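Numbering (my numbering), first residue to last: 578 to 747.
The C-beta atom is built at its ideal place from N, Cα and C for all residues, glycine as well.
Note that the structure is predicted; figures quoted are calculated from it, not measured.
First up is the structure itself, then whatever we jot down about it.
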């Protein structure tokens with residue numbers, strides 16, 4: 578080979594190799610880029626980066642599952658609380674019905690003014706119980722449940738007081 582042809586061969590080979598792009602993505606870069614990526618460690622770095630990303634996504638997924646379980650248990654607890662309060666409301670309603678029947682039985686013993694006062698108070702209490710039940714159905718937020726508990730306790734105390742006054746000997 579002549580020196581000029583060797584020079585031209587070296588220049589053309591250098592230009593052709595220089596045209597090969599070097600990338601850390603194994604799908605790009607061709608043979609020279611692939612060899613460069615293997616020997617320089619960029620492919621290993623790429624794999625490690627992707628593994629770290631995968632690990633962080635798995636960690637996020639796990640924390641999301643834990644949070645979801647917590648929310649589901651909160652929902653179940655609130656649902657049970659709501660059912661309990663609804664049962665208490667029905668119990669209050671039954672107690673008021675019982676009280677109304679007792680008032681009707683005691684009418685002969687009580688004066689008409691006392692009868693009217695007891696009946697009116699019993700009707701007011703019954704309306705309050707129905708109102709509380711309606712609010713509980715419409716709005717089952719924590720504040721509504723707390724208010725319901727307080728008002729239900731107050732109504733139970735009033736029912737007890739009304740019963741005591743009704744059966745108090747004169």
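Nearest-angstrom Cβ-Cβ length linking residue i and residue j, presumed shorter than 8 Å
{"i": "residue 670", "j": "residue 706", "result": "5 Å"}
{"i": "residue 729", "j": "residue 709", "result": "7 Å"}
{"i": "residue 740", "j": "residue 676", "result": "6 Å"}
Opening and closing residue of the alpha helix (DSSP H) in which residue i lies
{"i": "residue 618", "result": "Element bounds for residue 618: n/a, residue is neither H nor E."}
Pairwise C-alpha distance: residue j and residue i
{"i": "residue 615", "j": "residue 630", "result": "21 Å"}
{"i": "residue 668", "j": "residue 650", "result": "27 Å"}
{"i": "residue 736", "j": "residue 695", "result": "11 Å"}
{"i": "residue 660", "j": "residue 711", "result": "14 Å"}
{"i": "residue 618", "j": "residue 624", "result": "10 Å"}
{"i": "residue 613", "j": "residue 605", "result": "12 Å"}
{"i": "residue 724", "j": "residue 731", "result": "11 Å"}
{"i": "residue 640", "j": "residue 648", "result": "12 Å"}
{"i": "residue 595", "j": "residue 608", "result": "Residue confidence for residue 595 is low, a pLDDT of 47 falling below 50, so the modelled location carries little weight and cannot support an answer."}
{"i": "residue 693", "j": "residue 727", "result": "27 Å"}
{"i": "residue 657", "j": "residue 691", "result": "41 Å"}
{"i": "residue 733", "j": "residue 666", "result": "10 Å"}
Cβ-Cβ distance between residue i and residue j below 8 Å
{"i": "residue 561", "j": "residue 704", "result": "This structure gives no information on residue 561, because the portion of the chain shown stretches from 578 to 747."}
{"i": "residue 722", "j": "residue 662", "result": "yes"}
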